[in-house]
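Protein chains: 2
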Amino acid sequence: MIEAPPGAGFFATHTVAGLAADLRTGRRSAADLVEHALAEAARSTLNAFVTVDEPGARAAAHRAADELAAGVDRGPLHGIPVAVKDLVDTAGLRTTMGSRHFADRVPDRDAECVRRLREAGAVVVGKTVTHEFAYGPTGDKSAHGPAHNPYRPDAMSGGSSAGSAVAVAAGIVPLAVGTDTGGSVRIPAAACGVTGLRPTYGAVPVDGVFPLSPTLDSVGPLARTIDDCRLMWRVLAGREAPEASTRPVRIGWVEPEAFHPADEAVTAAARKLVPDAETVEVPDARVLLADYRLIQSAEAYEIHAERVARAPELFGDELVARLRVAEQVRGWEYVRALEHRRRAVATVETLFDGQDVLALPTLPITAPPIGARRTSAGGREVDVRAALLSQTSPWSVLGLPALSVPAGLVDGMPAGLQLVANPGGEELLFVVAERLVQPPR
Amino acid sequence: MIEAPPGAGFFATHTVAGLAADLRTGRRSAADLVEHALAEAARSTLNAFVTVDEPGARAAAHRAADELAAGVDRGPLHGIPVAVKDLVDTAGLRTTMGSRHFADRVPDRDAECVRRLREAGAVVVGKTVTHEFAYGPTGDKSAHGPAHNPYRPDAMSGGSSAGSAVAVAAGIVPLAVGTDTGGSVRIPAAACGVTGLRPTYGAVPVDGVFPLSPTLDSVGPLARTIDDCRLMWRVLAGREAPEASTRPVRIGWVEPEAFHPADEAVTAAARKLVPDAETVEVPDARVLLADYRLIQSAEAYEIHAERVARAPELFGDELVARLRVAEQVRGWEYVRALEHRRRAVATVETLFDGQDVLALPTLPITAPPIGARRTSAGGREVDVRAALLSQTSPWSVLGLPALSVPAGLVDGMPAGLQLVANPGGEELLFVVAERLVQPPR
Numbered sequence: 009m010i011e012a013p014p015g016a017g018f019f020a021t022h023t024v025a026g027l028a029a030d031l032r033t034g035r036r037s038a039a040d041l042v043e044h045a046l047a048e049a050a051r052s053t054l055n056a057f058v059t060v061d062e063p064g065a066r067a068a069a070h071r072a073a074d075e076l077a078a079g080v081d082r083g084p085l086h087g088i089p090v091a092v093k094d095l096v097d098t099a100g101l102r103t104t105m106g107s108r109h110f111a112d113r114v115p116d117r118d119a120e121c122v123r124r125l126r127e128a129g130a131v132v133v134g135k136t137v138t139h140e141f142a143y144g145p146t147g148d149k150s151a152h153g154p155a156h157n158p159y160r161p162d163a164m165s166g167g168s169s170a171g172s173a174v175a176v177a178a179g180i181v182p183l184a185v186g187t188d189t190g191g192s193v194r195i196p197a198a199a200c201g202v203t204g205l206r207p208t209y210g211a212v213p214v215d216g217v218f219p220l221s222p223t224l225d226s227v228g229p230l231a232r233t234i235d236d237c238r239l240m241w242r243v244l245a246g247r248e249a250p251e252a253s254t255r256p257v258r259i260g261w262v263e264p265e266a267f268h269p270a271d272e273a274v275t276a277a278a279r280k281l282v283p284d285a286e287t288v289e290v291p292d293a294r295v296l297l298a299d300y301r302l303i304q305s306a307e308a309y310e311i312h313a314e315r316v317a318r319a320p321e322l323f324g325d326e327l328v329a330r331l332r333v334a335e336q337v338r339g340w341e342y343v344r345a346l347e348h349r350r351r352a353v354a355t356v357e358t359l360f361d362g363q364d365v366l367a368l369p370t371l372p373i374t375a376p377p378i379g380a381r382r383t384s385a386g387g388r389e390v391d392v393r394a395a396l397l398s399q400t401s402p403w404s405v406l407g408l409p410a411l412s413v414p415a416g417l418v419d420g421m422p423a424g425l426q427l428v429a430n431p432g433g434e435e436l437l438f439v440v441a442e443r444l445v446q447p448p449r
Numbered sequence: 009m010i011e012a013p014p015g016a017g018f019f020a021t022h023t024v025a026g027l028a029a030d031l032r033t034g035r036r037s038a039a040d041l042v043e044h045a046l047a048e049a050a051r052s053t054l055n056a057f058v059t060v061d062e063p064g065a066r067a068a069a070h071r072a073a074d075e076l077a078a079g080v081d082r083g084p085l086h087g088i089p090v091a092v093k094d095l096v097d098t099a100g101l102r103t104t105m106g107s108r109h110f111a112d113r114v115p116d117r118d119a120e121c122v123r124r125l126r127e128a129g130a131v132v133v134g135k136t137v138t139h140e141f142a143y144g145p146t147g148d149k150s151a152h153g154p155a156h157n158p159y160r161p162d163a164m165s166g167g168s169s170a171g172s173a174v175a176v177a178a179g180i181v182p183l184a185v186g187t188d189t190g191g192s193v194r195i196p197a198a199a200c201g202v203t204g205l206r207p208t209y210g211a212v213p214v215d216g217v218f219p220l221s222p223t224l225d226s227v228g229p230l231a232r233t234i235d236d237c238r239l240m241w242r243v244l245a246g247r248e249a250p251e252a253s254t255r256p257v258r259i260g261w262v263e264p265e266a267f268h269p270a271d272e273a274v275t276a277a278a279r280k281l282v283p284d285a286e287t288v289e290v291p292d293a294r295v296l297l298a299d300y301r302l303i304q305s306a307e308a309y310e311i312h313a314e315r316v317a318r319a320p321e322l323f324g325d326e327l328v329a330r331l332r333v334a335e336q337v338r339g340w341e342y343v344r345a346l347e348h349r350r351r352a353v354a355t356v357e358t359l360f361d362g363q364d365v366l367a368l369p370t371l372p373i374t375a376p377p378i379g380a381r382r383t384s385a386g387g388r389e390v391d392v393r394a395a396l397l398s399q400t401s402p403w404s405v406l407g408l409p410a411l412s413v414p415a416g417l418v419d420g421m422p423a424g425l426q427l428v429a430n431p432g433g434e435e436l437l438f439v440v441a442e443r444l445v446q447p448p449r
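These protein sequences, in sequence, are chains A and B. Per our numbering, the very first residue in the first sequence carries number 9; after that it's consecutive. Per our numbering, the very first residue in the second sequence carries number 9; after that it's consecutive.
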């Protein structure tokens with residue numbers, strides 16, 4: 009783990025496993041935990057939350073406490089506060105997509121991922137700021153204003169699961185739900201110094217999650233520690249803990265420059281965690297970036313076409329302008345991108361014949377200032393969005409699971425290491441990450 | 009069957025089963041049959057063939073005859089002449105796609121469907137005219153000129169498997185390979201008064217077939233009789249004859265006007281074969297037509313993008329103009345069409361809860377004059393291409409098998425009845441067609 013950000017709250021110094029033990033010894037109660045979360049949320053000035061559901065959270069915490077007292081134990085998340093990205097439906101609790109189009113929308117039903125969390129006893133504290141419609145990796149444009157980076161509040165949090173990363177990094181909650189299309193869990197996780205998983209495409213149901221690009225969308229956990237993230241992943245995916253594996257793991261290093269110019273210090277921070285990894289090459293690396301743009305643009309515009317036609321003024325200026333560009337993507341370009349994706353999936357599979365896990369920086373830079381759209385990376389002036397998405401979106405295109413873990417601070421700002429596995433390799437990612445970040449003594 | 013066209017050749021009066029029997033009694037030899045085919049091809053002025061492979065055909069016929077004489081029997085197609093659409097690779101034999109882009113192309117390998125035919129002992133006589141790149145239902149634009157309708161040579165044959173339908177209708181060969189994306193087997197089959205099957209999507213491999221729109225493309229047989237068509241289907245699909253079924257079949261009638269204005273006399277000719285069918289409605293019928301246009305356009309442009317950029321002059325004027333329109337289809341429109349297709353497949357499945365087979369005219373009109381692009385249908389002025397595709401392309405979008413059988417003559421020109429089944433229902437289609445066209449006495 010890295011040094012907590014200035015002023016971080018209660019959950020910055022407590023793990024889920026530790027709290028779960030406390031709940032069972034009676035040292036703490038679920039009601040205590042929810043009060044910590046509500047107090048931290050109220051105290052925070054980082055704009056992590058769109059909605060804090062005090063009565064709902066307290067009621068859920070009391071139910072959780074009563075159940076535990078009555079001997080009903082729902083597992084490690086029982087009584088643990090969680091935050092949910094405001095792109096994910098919560099029954100009876102306003103869900104806005106970060107957009108004025110849905111300013112007052114209250115869904116009837118929980119998204120399947122939320123239902124699973126509640127079933128596991130987790131206590132939903134509130135809804136976190138999402139980049140408007142999850143359509144942006146900066147986390148600084150939404151109907152509810154920008155989320156602020158806990159390490160430097162004038163820096164962006166990254167996005168689109170901006171508030172979820174901020175809420176975890178700032179110790180407001182130990183766990184939060186994010187969604188990841190091109191990097192929307194991993195990017196803010198890395199920018200804010202927490203752990204975030206994009207699961208294998210399809211591993212966690214997206215029912216009740218507002219779509220951005222259906223062939224790329226995923227739901228994933230954000231947590232401070234690797235172990236906490238894994239506990240939440242298992243609940244989201246409905247998986248049991250597998251048997252522990254101790255076999256050696258081969259790690260391949262992917263140079264970030266294959267995708268985009270990168271700051272040397274940021275690359276070095278990530279590389280330091282995998283000093284022995286052999287460098288491997290991803291074929292057609294830059295084509296994967298183009299595939300991402302084409303697929304995401306066409307699918308996202310399809311989702312928003314009627315809103316753009318009928319009420320463009322309800323979008324933020326930046327988003328409506330981006331949608332108008334997305335509208336221009338041609339059908340044949342989309343077809344070709346899908347075709348290249350099919351071929352690339354097969355090609356990249358062969359990379360995993362020689363390696364179990366690929367490693368690379370999650371971001372080529374640390375978090376730029378809120379509102380910045382140009383910045384420098386590796387000494388080159390670059391587009392901020394392109395830079396933020398450059399290391400994460402290729403794995404989205406390929407449908408692979410990818411975990412971002414903190415890789416120290418660079419000039420006081422977090423850097424991230426991203427680990428990528430074959431489909432279904434989430435547990436392997438957690439094992440490898442623990443070995444790298446908390447090497448066995 | 010309908011009255012053969014004027015001047016029809018040898019194979020207009022012989023069935024495959026009859027010829028197969030003759031080959032085995034020694035009444036005829038495979039060499040005799042190939043000479044009939046070569047003579048008819050030489051005599052015909054309908055422009056059915058791009059290439060007639062006299063030496064290759066004769067050599068294959070002699071091999072077939074030698075095998076039969078030696079007791080090697082490859083089944084009902086052994087020694088039977090077949091023609092192959094010039095969009096389908098034939099090893100060592102020029103394959104042009106009806107295009108100047110491939111004027112001199114000689115493939116190394118047979119397409120899988122051709123390999124299966126040769127394996128079954130069929131004798132490939134030559135390559136038939138295809139509408140340029142199979143991109144057109146009229147059959148009158150190709151680098152090799154229009155195919156002529158045997159019933160009236162100034163009328164179009166329909167396309168894109170134009171020459172295959174003409175070669176069969178004119179009695180030059182008993183069997184021909186076609187391909188069907190939006191109706192390219194069924195349309196010329198109906199226009200020329202023969203039988204043609206579009207199989208279930210994926211049932212016959214398209215390896216070695218030049219693509220038009222890969223999520224819609226199929227390979228199918230054309231023959232004069234239903235039984236001949238079935239024999240060829242089984243070889244193409246690699247299927248054995250199933251056990252005979254005698255259970256009653258429920259037939260639903262689909263009004264052609266659901267898709268497009270239709271000539272009453274043409275509709276009546278088809279309806280006459282299914283007098284007792286109950287009328288059913290296809291939900292969102294016209295949306296399926298739009299889906300077809302969007303999917304086919306985007307996928308086809310993807311195939312041709314580099315040719316349009318580098319050598320537009322090698323396309324026919326009409327095709328390059330159509331490609332430039334296809335280029336404009338937006339990615340989001342394509343995505344939406346695929347999405348609607350997914351939903352429509354589920355909806356139309358429920359139609360088959362009440363019906364085993366759907367019946368409708370294959371075409372809403374009889375074959376217009378060669379070169380015509382506007383015509384009348386049901387008293388309305390309409391676009392010829394849209395009219396020709398209107399009754400066939402919806403089933404392509406849905407991936408369903410569909411059989412076109414002759415339904416008599418209207419003012420001397422053939423009309424067709426189309427029968428559509430659930431996926432995998434090809435054998436049912438043949439059974440139903442036989443009962444309707446040749447009712448048991």
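Cβ coordinates follow ideal geometry from the N, Cα and C atoms, glycine included.
- Query: Quick one: what's got a C-beta closer than 6 Å to B/Pro89's C-beta in the same chain, skipping five residues either side?
  - Reply: Leu41, Val42, Ala45, Val131, Val133 and Val181
- Straight-line Cα distance separating B/Val337 from B/Cys121: 32 Å
- Item | Validate contact between the region 9-17 of chain B and the region 232-247 of chain A using beta carbons, cut 8 Å, 3 pairs | no
- Query: With distances taken between CB atoms, is the gap from B/Arg350 to B/Tyr143 smaller than 8 Å?
  - Reply: no
- Beta-carbon neighbours of A/Ser172, restricted to chain B and to distances below 8 Å: Simply none; closest approach about 28 Å.
- Message: Counting only Cβ pairs nearer than 7 Å, list the residues of chain A close to B/Trp340.
- Response: Ala306, Tyr309, Glu310, Ala313 and Glu335
- Since A/Val80 is in the alpha helix (DSSP H), which residue starts that stretch and which ends it? Unbroken run through A/Val80: none, as it is neither H nor E.
- Using a Cβ cut-off of 8 Å, pull out every chain B residue sitting near A/Arg351, in sequence order please. Chain B residues near A/Arg351: none, gap ~13 Å exceeds 8 Å.
- Do you know offhand how far A/Pro115's Cα is from A/Ala306's? 27 Å
- Task: Go ahead and label A/Thr146 buried or exposed: buried means 16 or more other beta carbons lie within 10 angstroms of its beta carbon, across all protein chains shown.
- Result: buried
- B/Thr355, buried or exposed, once every other Cβ within 10 Å from all chains shown has been counted against 16: exposed
- Beta-carbon neighbours of B/Arg344, restricted to chain A and to distances below 7 Å: Glu310
- Cα-Cα separation between A/Ala128 and A/Gly87, rounded to whole angstroms: 9 Å
- Task: For B/Asp271, count neighbouring C-beta atoms within 10 Å of its own C-beta (all shown protein chains included) and say buried if the count is 16 or more, exposed if not.
- Result: buried
- Task: Could you check how far apart the C-beta atoms of B/Glu335 and B/Tyr309 are, in whole angstroms? I think they sit under 8 Å.
- Result: 5 Å
- Query: First and last residue of the beta strand (DSSP E) that includes B/Ile478?
  - Reply: Limits of chain B in this structure are 9 at one end and 449 at the other, which puts residue 478 of chain B out of reach.
- Message: I'd like to confirm the pairing. Which residues does DSSP put opposite A/Ile259 in its beta bridges?
- Response: A/Val365
- By Cβ distance below 7 Å, which residues in the same chain neighbour B/Ala170 in space, the five residues on each side in sequence not counted? Val137, Thr138, His139, Gly147, Ala155 and Pro196
- Express the C-alpha separation of B/Thr208 and B/Pro431 in angstroms, rounding to a whole number. 5 Å
- Query: Which of the three DSSP states, helix, strand or coil, is assigned to B/Arg126?
  - Reply: helix
- Output the residue ranges of the alpha helix (DSSP H) runs that lie fully inside the region 277-354 of chain B and measure 4 residues or longer, sorted by chain position. 293-318 and 325-334
- Message: Strictly under 8 Å for the Cβ-Cβ distance: is B/Leu224 near chain A by that measure?
- Response: no
- Between the Cα of A/Gly416 and those of A/Gly260, A/Tyr159, A/Asp118 and A/Ala91, spot the shortest distance and give me the residue it belongs to. A/Tyr159
- Message: Using DSSP's beta-bridge definition, name the partner residues of B/Arg160.
- Response: B/Asn157
- Going along the region 292-306 of chain B in order, which residues come within less than 8 Å of chain A, judged by CB to CB distance? Leu302, Ser305 and Ala306
- Item | Helix, strand or coil at B/Val450 [DSSP, three-state] | Since the first and last residues shown for chain B are 9 and 449, residue 450 of chain B lies out of range.
- Shortest alpha-carbon distance to A/Glu347 belongs to which of A/Ile303, A/Arg332 and A/Gly79? A/Ile303
- Is B/Gly166 helix, strand or coil by DSSP? coil
- Message: What residue range does the alpha helix (DSSP H) around B/Pro402 cover?
- Response: Ser401 to Leu406
- Query: Distance, Cα to Cα, B/Gly260 vs B/Val365?
  - Reply: 6 Å
- Give a yes or no on whether the C-beta atoms belonging to A/Thr98 and A/Lys135 are separated by under 8 Å. yes
- Mind checking A/Thr287: buried by the 16 CB within 10 Å criterion, or exposed? exposed
- Relative to the alpha-carbon of B/Gly204, which residue among B/Val440, B/Glu442, B/Pro414 and B/Pro422 has its alpha-carbon at the smallest distance? B/Pro414
- B/Ala385 by DSSP, collapsed to three states: which one? strand
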